[in-house]
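A.B. asks: Sequential numbering of the sequence shown, starting at 7, is according to this note's numbering. Beta carbons: idealized from backbone N, C-alpha and C, even for Gly. The structure's right below; bear with me while I get my questions together.
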Amino acid sequence: MKFTYGFTVKTVQGKDYVYFWRYDGSGRKLEQYIGRAGKSKTEKRRLEVELAYLKSLREELDAKISQLEEQLSELASAEQSPKT
């Protein structure tokens with residue numbers, strides 16, 4: 007798993023706009039409009055979007071960790087059970 011994301015500023019008709027970008031599971035780059043650069047509302051939204059994204063990554067990682075721990079536990083149990 008690779009988690010790559012960030013924010014970029016694009017200038018359109020002389021005005022700066024903030025976008026959140028990330029790559030999905032297939033390697034495709036996705037962008038989400040956040041707001042006009044330099045506005046406090048945009049900064050708040052930027053922080054909210056980043057926090058939500060990181061929380062979703064944590065949930066994904068926690069699920070993967072649980073899956074691997076369960077598989078290891080099953081393998082350890084199988085190794086310890088008497089062979090018939």
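Are the beta-carbon atoms of R51 and G41 separated by less than 7 Å?
C.D. replies: Yes, they are a contact pair.
A.B. asks: How would you write the range of the beta strand (DSSP E) that R34 sits in, first residue to last?
C.D. replies: Neither: R34 is in no beta strand (DSSP E) and is coded neither H nor E.
A.B. asks: Tell me which residue opens and which closes the beta strand (DSSP E) that K21 is part of.
C.D. replies: K21 to Y29 is the extent of the beta strand (DSSP E) around K21.
A.B. asks: According to DSSP, what are the bridge partners of Y11?
C.D. replies: Its beta-bridge partners are R28.
A.B. asks: Tell me, please, which residues DSSP counts as bridged to L16.
C.D. replies: Checking the displayed sequence, the identity of residue 16 turns out to be Lys instead of Leu. According to DSSP, which records beta bridges pairwise, K16 is partnered with Y23.
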